[in-house]
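Peer 1: So the sequence shown is residues 2 to 1206, counted in our numbering.
Handing you this structure, nothing more for now.
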Amino acid sequence: MGMDFSTLRTLISRYCVGEENWVDSRTIYIGHKEPPPGTEAFIQQRFPDNRIVSSKYTFWNFIPKNMFEQFRRVANFYFLIIFLVQLMIDTPTSPVTSGLPLFFVITVTAIKQGYEDWLRHKADNSVNQCPVHVVQHGKVVRKQSRKLRVGDVVFVKENETFPCDLILLSSSRDDGTCFVTTASLDGESSHKTYYAVQDTKAYNTERDVDSVHATIECEQPQPDLYKFVGRINVYMDNEPVARPLGSENLLLRGATLKNTEYIYAVAIYTGMETKMALNYQSKSQKRSAVEKSMNAYLVVYLCILISKAVINTALKYVWQADPNRDEPWYNDRTESERQRHILIRAFTDFLAFMVLFNYIIPVSMYVTVEMQKFLGSYFIMWDDEMFDDELGERAVVNTSDLNEELGQVEYVFTDKTGTLTENNMEFIECCVDGHVYVPQAICNGQVMPGAASMDMIDTSPGPEAREHEELFFRALCLCHTVQVKEEETVDGIKHGIHQGKSTSFYISSSPDEVALVEGMKRLGFTYLRHKDGQMEILNREDEVERFELLEVLTFDSVRRRMSVIVRASSGELYLFCKGADSSIFPRVVSGKVEQVRARVEHNAVEGLRTLCVAYRPLNSEQYEQVCHVLNAAKLALQDRDKRLAEAYDLIEKDLILLGATAVEDRLQEKAADTIESLHKAGMKVWVLTGDKMETAAATCYASKLFRRNTQILELTTKRTEEQSLHDVLFDLSRTVLRQHGGMTRDTFSGLSGDCTDYGLIIDGATLSAVMRPDQVDSNSGNYKEIFLEICRNCSAVLCCRMAPLQKAQIVKMIKASKEHPITLAIGDGANDVSMILEAHVGIGIMGKEGRQAVRNSDYAIPKFKHLKKMLLVHGHYYYIRISELVQYFFYKNVCFIFPQFLYQFFCGFSQQPLYDTAYLTLYNISFTSLPILLYSLMEQHINMDILKKDPSLYRDIAKNSLLRWPIFIYWTILGVYDAIVMFFGAYFLFDNTTFTSNGQMFGNWTFGTLVFTVLVFTVTFKLALDTHYWTWINHFVIWGSLVFFVVFSLLWGGIIWPFLNYQRMYYVFMQMLSSGPAWLSIILLITASLLPDVVKKVIWRTLWPTTTERIQNADKLYKGQLSEFTPLASLHAPPKASSHRRGSENQRNPQNPQRFESYNKKIMFTRWQRAPDYRTFTPLLRFADGSHHLKQGNAYSGAGPETSV
């Protein structure tokens, strides 16, 4: 078949959807001028205006659209159905009882979403109405941004932001370049250079620009920021001259003009068709594990509800089958009711019971959870420990839906450059033909000054070596995209280019390039400027050399190299190329390859970033050929990238190797401590980087991802060349599984000591071979499974040479593995966005590589070290709080509705409600909602300092342990037990007829009110018993809600309400309280309800305490001083549980395990506001160690396993 299916499909979809006039490219007439007659047809296309819309709703569609979205939620839809049933049939309770809570929930959510959308509208309006300058009829006029049209010529001044996507026509600089920062798009704060169209760069005034006669043909808008294909036809004397347009001519909306006075450019994509708008990718909704548990519990309760209704309906008809027990005379049914079919009667009864019991489904839980997440997220933003002075930035929460997921993380995927390291490059050395040059070399202990300082291993290079050396320095001064920014103010010679000139410094899109150019300056070759197509260099003899820049073959991540073609003043042509060793060595035909390769490998092992430099002299014929190949590729509208890659491939060959450079990227502060803490907390840390294996491995050792005793397993291209991938995988899995005896590492900690620690290194090429779904080798089995098995048994994994998409693939693979672990991805650059979006929790770092990662993440933090507090403290607290909230909600609703179910057995299944309508409606909204909301915001079951100091506490809550089925069942049984005690307790007390002092009988409403009073007090006290962290707010809310209940009951029953058609509660509450036995029964029933839970807790804590409970007990013992002097190791679970932890320490110090054992119980203290009180020191030390006479020095002994750096 000639045409493949995809082409066919696109054609069919286009024509079927009515896109007959859809074309692959668009034609734009600059300044809306028609082309000269006879050149081409003038077809004016219609384009959208420049309005940006990021809001979701409009004034008209807000109510219907928002309602639709809210009722897609199961619980809301369910309550809507119940409410409609109550309106349609004769039900025991008023429609208000389910209508009001539902209305409250819907309104609160709508207000929140409406407010957020209003803010978006406001932001949109401020952008759409901002003024822009447009050239019309030779004059600059002001317009609102939204009125801009495709084809308008726009005038932009320095530091202004581009209003839409523009093609640069001319700039204030003679060479037609301009400098731009794209920090708001891809987060790169460095200056990038863009070029004007060759034929229009001379037009520098409004009149000139207005006279331009040209059309632009370009592709239809697409979201790739770095890709653009088009061509411009400039009409000179009615003859069109075609020039290529690429991404270097395209200025994107949202970028800012820098270092250039003004520019003229033409609008080509506007409004929602700009690349920035197309990149507003709608993030797929991430849902937390807790929300999934909530929905599972909801289904269980729905089943309980239906079974209750079915049982009651069946029993009602069984009970009424006895003719004596039919409806009593005062409740006589009408004839039409009697004639109705029994199935219809049964169905309406079933619905009536459903309505009566529907409160078992907690609708207000969803609102409480929403509010808890929304308000709780402010604690991260307000945390002063997560504020960075250097950046002046705080942590940011973009998605509050995932707070509790921070307490469940099992895998952490981190980028290396800029995340673990500072992305702050420093030039260390370069090697030319085996000679090593180090700027500022140390000679006899003296640091030699600046430019003359050179340390040569071979001190007297011959003339040829000298020539090569200078060529190497020139290559690095020319092969880059660095700009020089002149600074008028002279502040010494800090950034000085050379004495006597105004100070200037280098800016570039890559910190590596600046480091290399500055390194060359320190070695005597200074790059001065790029002006009028000439690059100027100051050599060692202080002479200025000029080179004409002919072509730039830009860097890309696939080729991993960049080249320039220059003409020296003597007329010689050179191609200089620099790039990663893996992409340069295969293209080299001569040069001292072995010496340079040895040095590159040596530097990579030291953790330095290395680049190789090579050159190729060109003669004029070769250059002509190069120009021809490049221009043909540049003018192509289809597959331009592919053709350019082929052209570059042809040009960058037969190179002569000059040497290599080494640049250092330092580790971020406390990066190693953070990784160590994450390991102790049982998380597995994977580093995913685009760097070389040796460089990345060195960083991993420095950041304690790999320890000195970690056995490294390699799954790299080098190894798969020697033996097949199949054999390598089976070898590795045999090694790992032999050690672990087939037991996966997850059964012990992520830092287990009973066995060797394994670390795996894999590279991108091997990974794609492993991930390939269709292996050629049929008996190969599934490589992916074996690979996963190996990874599971490694404590740390390093993936190097990764493409951005591969990072996301790895995260996806781990997410889909059979344990379905919770993953977290953290990175700082645009290349990390895909993995941040893929992981359960995505965290962006506000680094040097801009804001792209931050914008796409769920949370953003200033530095990697803040991850420790975010997970170990905030994540822990959020999870503890929300799990209690969910369980407690279900518990209090079981307590509430189960007595209603029991009551039916005593009222002939007549659907008589036990509680008054007001109580039914307000129970979840006001009597019991605030205390649990406050608990879920404030609770701290363990002091914050202890959580930071002892990361292993994180394991107590791992794998959603507080929302497991056994715990859920325990809470439900507790609720049923409490309900039985309340109902039957009140029932047997009512058996005594002389219940009141005046001999009056109590009625059914008094009975219901008594049960309800016990209920409200019991569930509130239950929460009070679970609270560890008391503040005045807790006291106010918990006791205040009880007082509110009493005051409300007195008011509700003490006044005649004229708008009510019944007054059944009149004086009921007062009458109940006037009875002594009622008071006694309330106290007795509350005690009886709470007792079993208290007894169970006491026994459990005494016999089988968790680590958390041990620390809580010790903290009480020392009245909150535990955070000052913490013998944490002694509080851990008994040896059975912690043997593996000690094992790993002994392994690290095999000579003297006994001596190390004593350090295992070392004391830590952090100074608080007051000086530590040393009188409390001795007994605490005794408690920690059992030794009475501990030398004071030992209190500050060397780092043990519980180190807090």
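Ideal placement from N, C-alpha and C gives every residue a C-beta, glycine not left out.
Quick caveat, the model's predicted, so the values are computed rather than measured.
(1) Within 10 Å of its beta-carbon, does M1071 have 16 or more other beta-carbons around it, so buried, or fewer, so exposed?
(2) Mapping the DSSP letters down to three states, classify F548 as helix, strand or coil.
(3) Which first and last residues belong to the beta strand (DSSP E) in which E1207 is found?
(4) When the distance is taken between beta carbons, is E537 closer than 8 Å to L529?
(5) Applying the 10 Å Cβ sphere with the 16-neighbour rule, what's the burial state of P65?
(6) Beta-carbon separation of L170 and Y30 under 8 Å?
(7) Is the number of C-beta pairs between the stretch 379-391 and the stretch 647-665 that are closer than 8 Å three or more?
(8) With distance defined between alpha-carbon atoms, name the residue in I1034, Y988, D323 and A831 nearest to A1079.
(9) Report the partner residues of T422 according to the DSSP bridge assignment.
(10) Return the chain-ordered list of same chain residues with a C-beta closer than 6 Å to the C-beta of L923, the five sequence neighbours on each side being excluded.
(11) Can you tell me whether Q1113 is buried or exposed, with buried defined as 16 or more other CB within 10 angstroms of its CB?
(12) So, with DSSP's three-state summary, where would you put R541?
(13) The alpha helix (DSSP H) that contains F1049, what's its start and end?
(14) Among the candidates M355, N359, I361 and A315, whose CA atom is the shortest distance from the CA of I343?
(15) Could you give the distance in angstroms between the alpha-carbon of E885 and the alpha-carbon of F60?
(16) Between which two residues does the alpha helix (DSSP H) holding H192 run?
(17) Three-state secondary structure (DSSP) at T275?
(18) How many Å lie between L421 and S401 at the Cα?
(19) Tell me where the alpha helix (DSSP H) around Q712 begins and ends.
(20) Residues in its own chain within less than 6 Å of C304 by CB, not counting five upstream and five downstream?
(21) Below 8 Å between beta carbons: does that hold for V154 and V267?
(22) Using a C-beta cutoff of 8 Å, does L303 count as contacting chain B?
(23) Would you mind working out which of M277, T92, A203 and A826 sits nearest L226, comparing C-alpha positions?
(24) If you draw a straight line from the alpha carbon of I1034 to that of F1022, how long is it in whole angstroms?
(25) Please report the Cβ distance between S953 and T1103, rounded to the nearest whole angstrom; I am assuming they are in contact, meaning their Cβ atoms lie under 8 Å.
(26) Where do the N-terminal and C-terminal ends of the alpha helix (DSSP H) with W320 fall, by residue?
(27) Just the Cα atoms here: how many angstroms apart are L574 and D175?
(28) Between K635 and the rest of its own chain, which residues show a CB-CB distance below 8 Å, the 5 nearest in sequence each way excluded?
(29) Along the alpha helix (DSSP H) that carries Q596, what are the first and last residues, could you check?
(30) When we look at the beta-carbon of H138 and count the other beta-carbons within 10 Å, is it buried (16 or more) or exposed?
(31) Classify S55: buried if its beta carbon has 16 or more other beta carbons within 10 angstroms, exposed otherwise.
(32) Taking the C-alpha atoms as reference points, what is the distance between A199 and D533?
(33) So, at 8 Å on beta carbons, what are the nonlocal neighbours of A809 in its own chain, with the 5 sequence-adjacent residues on each side left out?
(34) Is P450 buried or exposed, if buried means 16 or more other CB atoms sit within 10 Å of its CB?
(35) In this structure, what does DSSP give as the bridge partners for I233?
(36) Which of the three DSSP states is assigned to F43 in this structure?
Peer 2: On the basis of the coordinates in this document:
(1) Numbered from its first residue, the sequence shown carries residue 1071 at position 1070. By the neighbour-count rule (16 or more Cβ atoms within 10 Å), M1071 is not buried but exposed.
(2) In the sequence shown, residue 548 corresponds to position 547, counting from 1. Of the three classes helix, strand and coil, the one that applies to F548 here is strand, per DSSP.
(3) A query on residue 1207 cannot be resolved here, the shown segment of the chain reaching from 2 to 1206 and no further.
(4) In the sequence shown, residue 529 corresponds to position 528, counting from 1. In the sequence shown, residue 537 corresponds to position 536, counting from 1. Yes, these two residues count as a Cβ contact at 8 Å.
(5) Taking the first residue of the sequence shown as 1, we reach residue 65 at position 64. So P65 ends up on the exposed side.
(6) Taking the first residue of the sequence shown as position 1, residue 170 is located at position 169. Taking the first residue of the sequence shown as position 1, residue 30 is located at position 29. Not closer than 8 Å, so no.
(7) Touching, no, given that fewer than three Cβ pairs across the two stretches are closer than 8 Å.
(8) Position 1078 of the sequence shown, counted from the start, is the residue given in the question as residue 1079. Checked all of I1034, Y988, D323 and A831; the closest Cα to A1079 is Y988.
(9) By one-based count along the sequence shown, residue 422 stands at place 421. The partner list for T422 (beta bridge, DSSP) reads L668.
(10) The residue given as residue 923 occupies position 922 in the sequence shown. Once the five neighbours on either side are set aside, L923 has no close Cβ partner at all.
(11) Taking the sequence shown and counting its residues from 1, one reaches residue 1113 at position 1112. Buried, because 16 or more other Cβ atoms sit within 10 Å of the Cβ of Q1113.
(12) By 1-based counting over the sequence shown, the position of residue 541 is 540. DSSP places R541 in coil when its eight states are reduced to three.
(13) Translated into the one-based positions of the sequence shown, residue 1049 becomes position 1048. Start and end: W1033 to G1055.
(14) Mapped onto the sequence shown, residue 343 falls at position 342. Of the listed residues, the one whose Cα sits closest to I343 is A315.
(15) As a working mapping, residue 885 is identified with position 884 in the sequence shown. As a working mapping, residue 60 is identified with position 59 in the sequence shown. In a straight line, the C-alpha of E885 is about 39 Å away from that of F60.
(16) Here residue 192 is taken as the residue at index 191 of the sequence shown, counted from 1. Per DSSP, H192 lies in no alpha helix (DSSP H); the unbroken beta strand (DSSP E) holding it starts and ends at H192 to Y196.
(17) Numbered from its first residue, the sequence shown carries residue 275 at position 274. T275 falls in the coil class under three-state DSSP.
(18) Reading the sequence shown from its first residue, position 420 is the one you call residue 421. Reading the sequence shown from its first residue, position 400 is the one you call residue 401. Roughly 25 Å separates the two Cα atoms.
(19) For the purposes of this step, residue 712 is taken as residue 711 along the sequence shown, with counting starting at 1. That residue, Q712, is in no alpha helix (DSSP H); its beta strand (DSSP E) goes Q712 to L716.
(20) Translated into the one-based positions of the sequence shown, residue 304 becomes position 303. So the list is empty, once near-sequence residues are dropped.
(21) As a first step, residue 154 must be located in the sequence shown, where it is residue number 153. As a first step, residue 267 must be located in the sequence shown, where it is residue number 266. Result yes, Cβ atoms of V154 and V267 sit closer than 8 Å.
(22) Looking at the structure shown, chain B is missing, and only one protein chain is on hand.
(23) Looking up residue 226 in the sequence shown gives position 225. Ranking the options by Cα distance to L226, first place goes to M277.
(24) Within the sequence shown, the letter at position 1033 stands for residue 1034. Within the sequence shown, the letter at position 1021 stands for residue 1022. Each residue's Cα considered, the two are about 16 Å apart.
(25) What you label residue 953 is simply residue 952 of the sequence shown in a count that begins at 1. What you label residue 1103 is simply residue 1102 of the sequence shown in a count that begins at 1. Their Cβ separation, rounded to whole angstroms, is 22 Å, which puts S953 and T1103 out of contact at 8 Å.
(26) If you number the sequence shown from 1, residue 320 lands on position 319. Under the DSSP assignment, W320 falls in the alpha helix (DSSP H) whose first and last residues are A290 to Q321.
(27) Residue numbering aside, residue 574 sits at position 573 when the sequence shown is read from its first letter. Residue numbering aside, residue 175 sits at position 174 when the sequence shown is read from its first letter. Straight-line Cα distance between these residues: approximately 24 Å.
(28) If you number the sequence shown from 1, residue 635 lands on position 634. So the list reads P245, G247, R641 and L645, once near-sequence residues are dropped.
(29) Taking the sequence shown and counting its residues from 1, one reaches residue 596 at position 595. It spans V594 to V606 - the alpha helix (DSSP H) in which Q596 sits, taken as one unbroken run.
(30) Against the sequence shown, residue 138 aligns to sequence position 137. Result: exposed.
(31) Your numbering for residue 55 matches position 54 in the sequence shown. Exposed: under 16 other Cβ atoms inside 10 Å.
(32) Position 198 of the sequence shown, counted from the start, is the residue given in the question as residue 199. Position 532 of the sequence shown, counted from the start, is the residue given in the question as residue 533. Going by the sequence as given, residue 199 is Gln instead of Ala. If you take the alpha carbons of Q199 and D533, they lie about 12 Å apart.
(33) Working through the sequence shown from its first residue, we reach residue 809 at position 808. Contacts found: S835, M836, L838 and E839.
(34) Counted from its first residue, the sequence shown places residue 450 at position 449. The pLDDT assigned to P450 is 43, lower than 50, so where the model puts this residue is not dependable; a value taken from the coordinates is nonetheless given after this. So P450 counts as exposed.
(35) Working through the sequence shown from its first residue, we reach residue 233 at position 232. The secondary-structure analysis by DSSP pairs I233 across a beta bridge with I217 and R244.
(36) For the purposes of this step, residue 43 is taken as the residue at position 42 of the sequence shown. Residue state, collapsed to three classes: coil.
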